[in-house]
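Mapping to the working numbering: the sequence shown position 232 is 232, numbers consecutive. Please read the structure below before turning to the comments.
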Amino acid sequence: MQYRFQMMFLLCATSPCVFAETSNTCGDVYAGAVQDVSFDARQYAENNFLFTAHCESNGEIREGQSDQSLSIVAKKVNIGFSGNSSEARSTVSEFCKEFLSKKDFRRASFRYELTVVGAALRSFNDCKALEHNGMFVRHYVQQPRSVIVRLDFNPDKTNVIFRGAAFDNSIATCSSTALSSAGTPVVIDRSTPETSIDRPFSIICERTPEETSSGAKKFQRFVLGVDTNHGTYNVEMPTEEMFGYDLASANQARHMELQDQKNALEARLNGIIEMLNAEVTTLKNRIDTASAEIHLVKQGEKGVPFFEHVACPQHGGDFNAYVSNLCGSRRKIIQPIQTEVPGGWCGYNFYAVACMNQ
């Protein structure tokens, strides 16, 4: 529920949201579309969505934005933000610059998942616009072949005109129950005439596979736009090369293999931390008998307890300068505990630093 609220908050930060009451339908559609996407990739995609809407490509704030809009964005990128409009502008400016600095690197890391998140965000936007006008839409994907779009509304309150469906009919065929008084499916395409609709209806599209040289079935990327007098709803089904749902067995197996590797690396790091704690305790016991001031220093990303933190070199961290500042004119002894531990931006290096009293 909290994540669904954050999603509504995110989209309202990029487009007007003036509805008096909301439904969980759009949030459920989004949550279902990204359920197999990692939290980090989903968070990156949503921040990228904000960056595109509010930041220039050089990391500056996009011109012409209201104080209210920037305040909403500031609260999204900094959950605890409660400042004034000037502070909001500063917060968004910092977000633009920081996100730009890691945008391309993170995009490369997450490109396996970003296609699905981007399409889900666009569908969420369309869904909220239609919902505001009394239409409630869901879509259901049966990978890798078909998609069903369901549009519900109250005919006594909402007048609906179906204006057609836009898609590439060389890679898919679509039909709808909207055009038949008996409720039977009728084939639709760009030439389908406008029709006044007096009941909820569905659109079903099925992709036509291509046979590859190896004999496998390949389904091309498919984008469907359903047009009504209250707005358009877009659905995207990526190709196998864009995301591993098409002919899913091999790609999902690879995804699970990568997840297992990630879990193994995390377990290894936790084991190293436990070993470090034991070694540090032993080292401290040895050094405590000397007249010295002991510091445990780690260079890398934040998050390891008991160690003083030095940022990665690419983020301005200077280990030698930090140690010199600790000890001043006193003689210093630097004892490596564990170095070149993989992870984060620059790995992790752990040291015990003794500032010797003369």
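All C-beta atoms in this analysis are idealised placements derived from N, C-alpha and C, irrespective of residue type, glycine included. Being a predicted model, the structure only gives us computed values, none of them experimental.
Sequence-distant residues of the same chain with beta carbon closer than 6 Å to residue i, five excluded per side
i	result
Y348	G300, V341
Y140	I148
E293	C355
I333	A354
P193	none
Distance between residue j and residue i (C-alpha atoms, nearest Å)
i	j	result
A166	L224	6 Å
T353	L265	Here the sequence assigns Val to residue 353, which means Thr is not the residue at that position. Cα-Cα distance, rounded: 27 Å.
L130	F307	52 Å
W345	I272	18 Å
E46	I72	14 Å
K217	T52	35 Å
L326	A311	16 Å
G59	K97	5 Å
D126	A74	24 Å
M356	F319	18 Å
T91	S85	10 Å
V235	F95	30 Å
Y233	D227	7 Å
S93	Q43	19 Å
A88	L70	6 Å
R62	S175	42 Å
N154	S101	48 Å
G164	L179	10 Å
Y112	C55	Any reading at Y112 must be qualified, since the residue scores a pLDDT of 44, below 50, and its modelled position is unreliable; the value itself is stated next. Distance between the alpha carbons of Y112 and C55: 24 Å.
T282	V323	21 Å
K128	Q314	41 Å
T158	V137	14 Å
S329	S291	15 Å
Q335	D260	34 Å
G231	L50	23 Å
D156	K302	58 Å
V37	A267	The predicted position of V37 is uncertain, since its pLDDT is 48 and thus under 50; no value can be drawn from it.
A182	G83	58 Å
T239	I171	11 Å
V304	E274	11 Å
T339	D152	59 Å
F222	Q65	34 Å
N169	H309	58 Å
Anticipated Cβ contact below 8 Å, residue i with residue j, distance rounded
i	j	result
L405	G343	The shown model of the chain, from 1 to 358, leaves out residue 405, and the question about it has no answer.
I337	L258	Contact flag wrong, Cβ pair sits at about 30 Å.
P144	F219	5 Å
V280	Y351	With 8 Å as the limit, V280 and Y351 do not qualify as a contact, their Cβ atoms being about 10 Å apart.
N263	I161	Not really, about 51 Å apart at Cβ, beyond 8 Å.
Identified DSSP bridge partners for residue i
i	result
K218	E210
R138	R150
L265	In DSSP, L265 forms no bridge with anything.
K298	H309, F350
N234	G225
P336	Y351
C174	I188, C205
A166	G225
T195	F162
A292	M356
R331	M356
I61	C55
Contact with chain C by residue i, beta-carbon distance below 8 Å
i	result
S181	No chain C is present in this structure, which holds just one protein chain.
Beta-carbon proximity list for residue i, same chain, < 8 Å, skipping 5 on both sides
i	result
D67	S85, A88, R89
T173	V187, C205, E206, T208
Distance cut-off 7 Å: residue i Cβ against heavy atoms of the ligand COA
i	result
S176	Inclusion of the ligand COA in the displayed structure is not the case, the ligand content being empty and no account of it being possible.
Same chain only: Cβ atoms within 7 Å of residue i, ignoring 5 sequence neighbours per side
i	result
K284	I294
A278	none
Q: Report yes or no: do the region 146-159 and the region 201-218 share at least 3 C-beta pairs separated by less than 8 Å?
A: With a cut-off of 8 Å, the region 201-218 and the region 146-159 count as touching, because enough Cβ pairs lie within range.
Q: Specify whether the region 122-134 and the region 185-200 touch according to this definition: at least 3 beta carbon pairs, one from each stretch, less than 8 Å apart.
A: Per the Cβ contact rule, the region 122-134 is not in contact with the region 185-200 (fewer than 3 Cβ pairs under 8 Å).
**Q.** Meets three-Cβ-pair contact criterion under 8 Å: the region 180-191 and the region 209-225
**A.** Of all C-beta pairs linking the region 180-191 to the region 209-225, fewer than three are shorter than 8 Å, placing the two stretches out of contact.
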